[in-house]
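Scroll down for the structure; my scribbles are underneath it.
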Amino acid sequence: KQEVTQIPAALSVPEGENLVLNCSFTDSAIYNLQWFRQDPGKGLTSLLLIQSSQREQTSGRLNASLDKSSGRSTLYIAASQPGDSATYLCAVRQISGYSGGGADGLTFGKGTHLIIQP
Amino acid sequence: DAGVIQSPRHEVTEMGQEVTLRCKPISGHNSLFWYRQTMMRGLELLIYFNNNVPIDDSGMPEDRFSAKMPNASFSTLKIQPSEPRDSAVYFCASSPGLVADTQYFGPGTRLTVL
């Protein structure tokens, strides 16, 4: 069974710092890996999606990398801002075991709770 | 597009009552997913549908839980009878249907069972 682990569970840094969030997964048979942001009491917002054949994806100040063979991904946030404060979730989409092919739903880590101090 | 729509946003009920959560996926999306989020277990997949057909319900915790998707624009998750340990935030998500696609999440339904 796929397990996704995120380290650290919580992080507090001053505004302006660059930071790295880590995600690891136990089964490398994945279609893709996705990073989400969740604000308190809200739903999930997709930040970056990396297909299994890709090594990284970038969007603005965010950069996500994927090393499928070692079961690791990192989310790099440059020049952090107070508005970046949220919980960041990593999720992998498993290759389905059912005969129709395709992919299963997402398996999530428990997230990193990030606080950017003004 | 309005995004994934869930109702109600909040539900408070008493133990033993039936609870029905509703979801309207993004128009044109062929895959729909139900997730549950708790502090202890995080986000867990309960069930997902592809073209209105349930594909994998192995995440449904007990027979008290059931989900239906009668058409491409509507799905329900029902708990009968509800128990306090069912208290959680329930999310619905949809995706266009291809394996490479992003999943788009609704705002969630916060369920409290007293």
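First to last, the protein sequences are chains A and B.
In this text, residue positions in the first sequence follow our numbering: the first is 4, and each later residue adds one.
In this text, residue positions in the second sequence follow our numbering: the first is 99, and each later residue adds one.
Backbone N, C-alpha and C define an ideal beta-carbon position, used for all residues, glycine too.
These numbers come from a predicted model, not from an experiment.
Short Cβ contact (8 Å threshold) for residue i with residue j
i              : j              : result
residue 109(A) : residue 96(A)  : yes
residue 30(A)  : residue 5(A)   : yes
residue 108(B) : residue 194(B) : no
residue 46(A)  : residue 172(B) : no
residue 124(B) : residue 101(B) : yes
residue 51(A)  : residue 60(A)  : yes
residue 85(A)  : residue 43(A)  : no
Distance between residue j and residue i (C-alpha atoms, nearest Å)
i              : j              : result
residue 210(B) : residue 145(B) : 21 Å
residue 9(A)   : residue 76(A)  : 10 Å
residue 110(B) : residue 104(B) : 16 Å
residue 115(A) : residue 38(A)  : 11 Å
residue 192(B) : residue 12(A)  : 27 Å
residue 181(B) : residue 166(B) : 20 Å
residue 113(B) : residue 174(B) : 20 Å
residue 186(B) : residue 212(B) : 12 Å
residue 16(A)  : residue 162(B) : 44 Å
residue 207(B) : residue 129(B) : 19 Å
residue 33(A)  : residue 55(A)  : 6 Å
residue 102(A) : residue 148(B) : With a pLDDT of 48 at residue 102(A), under the threshold of 50, the modelled position of that residue is not reliable, and the figure given next carries that caveat. Rounded to the nearest angstrom, the two C-alpha atoms are 14 Å apart.
residue 201(B) : residue 159(B) : 22 Å
residue 119(A) : residue 111(A) : 23 Å
Span of the beta strand (DSSP E), counted from its first residue to its last, around residue i
i              : result
residue 150(B) : Segment: none, residue 150(B) is in no beta strand (DSSP E) and carries neither H nor E.
residue 172(A) : Coverage of chain A is limited to positions 4 through 121, which leaves residue 172(A) absent and any answer about it impossible.
residue 13(A)  : 13-17
residue 124(B) : Segment: none, residue 124(B) is in no beta strand (DSSP E) and carries neither H nor E.
residue 73(A)  : Premise fails: residue 73(A) is in no beta strand (DSSP E) and is neither H nor E.
residue 168(B) : 163-169
residue 136(B) : 129-136
Check your understanding: Contact between the segment 71-90 of chain A and the segment 6-26 of chain A: three or more CB pairs below 8 Å?
Key -> These segments touch.
Review point. Curious, which full-length alpha helix (DSSP H) runs of at least 4 residues does the segment 4-52 of chain A contain?
Key: No alpha helix (DSSP H) of 4 residues or more sits fully in the segment 4-52 of chain A.
Check your understanding: Would you call the segment 151-167 of chain B and the segment 54-72 of chain A touching, i.e. three or more CB-CB distances under 8 Å?
Key -> no
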